[in-house]
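Novice: Okay, handing you the structure first.
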Amino acid sequence: MSKEVRYTGTLFNVKVAKRRSSEETVDKLLLADPGYSEKRRRLNFSKHSINANSKSSSDEDLETDAFTGMPKLRIVQLSYVQLTGCYENFPKKLRLLYWRGFPLKSIPNDFPLESLVALDMRNSSLRQVWNGTKVLGLLKILNLSHSHGLSRSPDFSGLPNLNILVLKDCIRLVDVHESVGNLKRLVSLNLTGCKNLRQLPKEIGRLKSLEKLNISGCSKLTKLPMELVEMESLTMFHADGIAIGQLVFPSSEVKSWCADFWYWVSKARKWPQSFNFSLASLSRSLVSLSLANCNLSDDSIPINISSLSLLQYLNLSENPICSLPESIKDLLMLKELWLDSCTSLQSLPELPLSLVELKVIDCTSLERITNLPNLLKSLFLDIFGCKKLVEVQGLFKLEPLGNFHSEFIKNLGFLNLDSIGNTEVELYNKLTETRKTGPVQVLSLCLSLSLSPT
């Protein structure tokens, strides 16, 4: 098997043969190279084409002693590599450790993590990250995504400078340690796809710096802590695929944007306690809001949503809404509006001039789009799959032939109107990429293009 060990500026190809004697371990091959020096600070190692059904892979593993004599190593990138031995002599000044497919159930106690700024162990076999509390004062990024055996997050008490925490797709995660509330510098928390997570700790309300929270796909989340109302710094909130109407707060006395938000998306549902809130207090800090596939109806959306004055991205895809409130035109910062697969959506109101992207893919009930800002100028419009769409104002309009005056029809050269009116034809809309059968239609093109002189 061929394995590559990369240092900055130098590439070693290390051939590891089965049944190799202990004297020919990888560390000996590296250290014997005449070009080796302590100046190299980066090592990449990727293991390819390993037979997952092999009963014994120990002959193909690396020994931790391979890293002896590399005290200035700062960056290590490993991919599905098994290291054997103790970590007592492992480089102590690592800044970045990327170990995809980390094979152990827990990080060994003697593993030197103290100097790390970023620890990325996505796709790991971890069951618990480490024993007890680790004091890692420099750590800013912790990525444990796709660690399917991880059921609980680590104790965060010793990570005072953590900025980014990624637990995406940790499908067995049921609990986030309450010490997450101690992460005063945490900016981003990603829990996407943690489908067994049932609740968030109330201590999350102490995260004064949190800007991005993603709980999309946490389908078993049934309760949100009232302390969420304290996250006034939040600018991005994504909660796609959550049964929002089933979420409850432990207390009915909630006085911030979060309570108003959940009131908004659950207004028409039965709750264990009533909420009486002013939508005027809905947070003005949100910039990105995604509520795709949350079973929202027209009654779930407030008549006045202009309080979200900083909103730039809004995703309401895959919801059974029929229309949007007229006040959406007052979201003067809105740039992207996604309404894909809103199969009950029939019409759109006037939209803000700031809009640069409108997606209504597979909105199968949508018939007309009017009052589009900046059409054919700065607006990107995606109407693929809108099979009932007969008009986009400023672009085209499709009408049955019978709607026109007989003189107009004769001028088109159609003399036998009665026979034409009963004719069924296949209509193909190039813009929406849809086909349907119906009576003869008249297509009106309304293109107004300004061309620069050559």
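In my numbering, the protein residues as written are 4 to 457.
Every residue, glycine too, gets a C-beta built ideally from N, C-alpha and C.
Keep in mind the model is a prediction, meaning the values are calculated, not measured.
#1: For V169 versus N146, is the C-beta distance shorter than 8 angstroms?
#2: Who are the Cβ neighbours of S277 in its own chain at under 6 angstroms, not counting the five residues just before and after it?
#3: Is the beta carbon of S291 less than 8 angstroms from the beta carbon of Y316?
#4: Hey, how far is the Cα of D172 from the Cα of K390?
#5: Anyone know if the C-beta pair for G388 and T437 falls short of 8 angstroms?
#6: By Cβ distance below 7 angstroms, which residues in the same chain neighbour G140 in space, the five residues on each side in sequence not counted?
#7: Measure the C-alpha to C-alpha separation of R188 and L369 and round it to an integer number of angstroms.
#8: Could you tell me whether the Cβ atoms of M73 and W102 are closer together than 8 angstroms?
#9: What is the residue span of the beta strand (DSSP E) that G3 lies within?
#10: For D123, which residues does DSSP report across the bridge?
#11: When we look at the beta-carbon of P275 and count the other beta-carbons within 10 Å, is it buried (16 or more) or exposed?
#12: Could you pull out every residue in the same chain whose Cβ sits closer than 6 angstroms to the Cβ of S96, ignoring the five residues on either side in sequence?
#13: When the Cβ atoms of the stretch 144 to 158 are set against those of the stretch 124 to 135, are three or more pairs found closer than 8 angstroms?
#14: Specify the secondary structure class of L448 as computed by DSSP and reduced to three states.
#15: Using the Cα positions of L446 and T373, report the straight-line distance between them to the nearest angstrom.
#16: Taking the beta carbon of S320 as the centre, do at least 16 other beta carbons fall within 10 Å, making it buried, or is it exposed?
#17: Expressed to the nearest angstrom, what Euclidean distance is found between the alpha-carbon atoms of R201 and S150?
#18: Where do the ends of the beta strand (DSSP E) carrying W341 lie?
#19: What are the uninterrupted segments assigned as beta strand (DSSP E) that are 3 or more residues long and contained completely in the stretch 332 to 405, given in chain order?
#20: What number of angstroms, rounded off, separates the C-alpha of I306 from the C-alpha of S381?
#21: Using only CA atoms, which one of G104, I144, K137, S109 lies nearest to L122?
#22: Considering only C-alpha positions, which residue in the set D113, H241, P106 is nearest to E91?
#23: My understanding is that C325 touches T346, with C-beta atoms under 8 angstroms, so please give their C-beta distance in whole angstroms.
Specialist: In short:
#1: With respect to the 8 angstroms criterion, V169 and N146 are classified as neighbours on the basis of their beta carbons.
#2: Confidence at S277 is low in this model, with a pLDDT of 33, below 50, so the placement of that residue should be treated as unreliable; the coordinate-derived value is given next. When the five nearest sequence neighbours on each side are left out, no beta carbon in the same chain lies closer than 6 angstroms to the beta carbon of S277.
#3: Their beta carbons are under 8 angstroms apart, which means S291 touches Y316 by this criterion.
#4: Within the model, the alpha-carbon separation for D172 versus K390 is close to 35 angstroms.
#5: Yes. Within cutoff.
#6: Cβ neighbours of G140 beyond the five flanking positions: P163, N164.
#7: Taking the CA atoms as reference points, R188 sits about 45 angstroms from L369.
#8: No, they are not a contact pair.
#9: There is simply no residue 3 to check, as the chain begins at 4 and stops at 457 in what is shown.
#10: In the DSSP output, where bridge partners are listed per residue, D123 has Y101, N146.
#11: Low confidence applies to P275: its pLDDT is 40, below 50, so where it sits in the model is not reliable, and the reading given next is rough at best. Flag for P275 reads exposed.
#12: Note that residue 96 is Lys in the sequence shown, not Ser. Closer than 6 angstroms at Cβ, skipping near neighbours: S118.
#13: With the cut-off at 8 angstroms, the stretch 144 to 158 and the stretch 124 to 135 touch.
#14: In the structure shown, L448 falls within a strand segment according to DSSP collapsed to helix, strand and coil.
#15: Whole-angstrom Cα-Cα distance: 17 angstroms.
#16: By the C-beta density criterion, S320 is buried, having at least 16 other C-beta atoms within 10 angstroms.
#17: Within the model, the alpha-carbon separation for R201 versus S150 is close to 18 angstroms.
#18: Annotation for W341: the continuous beta strand (DSSP E) segment containing it runs 339 to 341.
#19: The qualifying runs are 339 to 341, 360 to 362, 383 to 385, 399 to 403.
#20: Each residue's Cα considered, the two are about 28 angstroms apart.
#21: The shortest C-alpha separation from L122 is found at I144.
#22: With distances taken between Cα atoms, E91 lies closest to D113.
#23: In this structure C325 does not touch T346 by the C-beta definition: roughly 10 angstroms separates them, more than the 8 angstroms allowed.
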